[in-house]
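Take the sequence shown: its position 6, counting from 1, is numbered 5 in numbering that gives the first Met the number 0, and each next residue is one higher.
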Amino acid sequence: MLEISLIKKNKICLEDYNYKQDIENRLLISQLSARDLELLQEILYSPLKIAFQDLSEALSCEEKELIPSVKKFIESGLLSLNGSAITVDKEKRKYFAARIIAFDSDFKPGMEFLQGLLKKVPIHILPVWYNISRTSDRIFDSIVEKCLLTPQTFQRYLSALQLPDPIMEEIIKDLLEAPEYMLYASSLMDKYSLSQEQFQTTALLLEFHLVCCLTYKKIDCKWVEVITFFQEWKDYLLFLRKTQPPTLCANSVERESSRDFSFLEDITFLISLAKKQPFFYKDTLELANCLHLSTTNKNHIKYIKRLLEKIELLNLASTADKSLSLLDKAHEWFTLTNPQKSLLLYRHSYAPEMIGSFNERVLRDIEKSVLKVAYSEWVLFEDFLKGMTTTLSEESSVILKKQGRNWKYTLPFYNSKELILIEAIILEWLSELGIIELGSYQNHRCFRVTEYGKAFLG
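Printed below as a string of structure tokens:
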């Protein structure tokens, strides 16, 4: 799903800020006990000066029970002890307050968390790291726009990354294969033989590269470190995974034709009727009989009309006055292979009624959307639509937006006009080209991408 090719020089350098202090604090947080966390939370919501006795009373424990925890925070510089009075360092408290939210049961490491992370870096450094304008007065918004605005934007950003350590690439690959896009820190340290400090440094770099982040998960009353993607990207990936259409049993599918290029072959058959002289027909029912199609099936009658339209579009024959009269281009058509005929048809413009107000790029994007199920064999068209993310308009665009305090990738909504277009391109146009094969499953339309279609679109 994500290409992690290394083609661009990395500009993120931890030495641009006091990252060693950051690592020390992260190491401390990773080793906090339940008692340490209780003390830290109390400190964060207490005055900058507090009596030792008041702390022990607030936590309903003896003063001696707090001494090991207090010593940890004194060593980190968060606390200083003067007699029985504890003083809290204001700046250190800000740091721990930003990190402690990761222990909330409903915490989600998203854009708000990332924004707090970036505030630790001198503001003049960020434009250099993320290659944005130095004159930008909204640096975080500029980073979002350049790197994260749409899934395609983010994938291009990822493909251009040059990560400083190959292990980081492997961690990303591991994450993409993880059931919930989450990995335990202990497992990664074991797998890649990383010390605690090496792991924390790796996690910090991955965060600054906007790829994934370190957070905590409570398991059996104990908090454990985990690595996961930022919440907005994780939610989008889960949406894609959840809406991946299930594969149908091929034996249960009623195929509309046993031929991958049935439409093109039917064009060839109809114009071959006029090889020696114009072929006159009474109505479309007669042509349906020629192709051994049911004359009572309305879809078959529509199919005949589409055949005649394409014959005219390709200038293979005149269809005036209920007759087929060959034109010069028909002779070349008879010499072409089915793939060549497909390519010739593809090069002709869409019918104006199909295009409407949409530009050709949108139409090509709809065509390529079937690559998502290229190796799934038969899928229901309605299931395919549930996971479609092709942008056709502002309402159907997938874009990272802030909604209240939270951010999310908006999911597409297609209006009736857009749904008609999608159906026409996939179930008509692509089937005419031999790119997909059509079928029916329990009275629901389904399709599969043909071998030719995989090569053509891929």
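Where is the CB? At the ideal position from N, CA and C, for every residue including glycine.
Please classify R444: does DSSP put it in a helix, a strand, or coil? strand
Apart from the five residues just before and just after F279, which ones in its own chain have a Cβ nearer than 6 Å to its Cβ? S322
State the Cα-Cα distance for the pair V69 and K48, rounded to the nearest angstrom. 14 Å
Between which two residues does the beta strand (DSSP E) containing V223 stretch? K221 to F228
Roughly how many angstroms separate the alpha carbons of K19 and L384, rounded to a whole number? 49 Å
Nearest to S192 by alpha carbon, out of N298, M167, L125 and L213? M167
Let's test the definition: count the other Cβ atoms within 10 Å of the Cβ of H443 and tell me whether it reaches 16, buried, or not, exposed. exposed
Excluding sequence positions up to five away, which residues of its chain have a Cβ less than 8 Å from the Cβ of I398? L148, T149, Y408 and T409
Rounded to whole angstroms, how far is the Cβ of P126 from the Cβ of I138, which I believe are closer than 8 Å? 7 Å
Starting from the C-beta of D327, find all residues in its chain whose C-beta is less than 6 Å away, skip the five residues before and the five after it, and write them out in chain order. none
Report buried or exposed for D265, applying the criterion of at least 16 other Cβ atoms within 10 angstroms of its Cβ. buried
For A177, name the three-state secondary structure that DSSP assigns. coil
Sheet register partners of L80 (DSSP bridge): I85
Candidates L286, G457 and L426, of which the one nearest F446 by Cα: L426
Those runs of the beta strand (DSSP E) which lie wholly inside the stretch 99-167 and span at least 3 residues: none
Residues that W406 bridges to, as DSSP identifies them: K401
Using a threshold of 7 Å, state whether the C-beta atoms of G438 and E255 are closer than that. yes
Given this structure, state the Cα-to-Cα distance separating A423 from A184, to the nearest angstrom. 48 Å
Q30 versus K145 - alpha carbon distance: 36 Å
Alpha helix (DSSP H) segments (min. 4 residues) lying fully within the stretch 250-305: 261-271 and 283-289
Using three-state DSSP, classify S324 as helix, strand or coil. strand
Use the C-beta contact count for S261: other C-beta atoms within 10 angstroms, 16 or more gives buried, fewer gives exposed. buried
Per-residue DSSP class, three states only, for V361: helix
Closer than 7 Å by C-beta to T317: which residues in its own chain qualify, once you throw out the five before and the five after it? Chain order, please. Sequence inspection shows Ser at residue 317; the Thr mentioned does not correspond to that position. Counting only Cβ-Cβ distances below 7 Å, and skipping sequence neighbours, we find S324 and L326.
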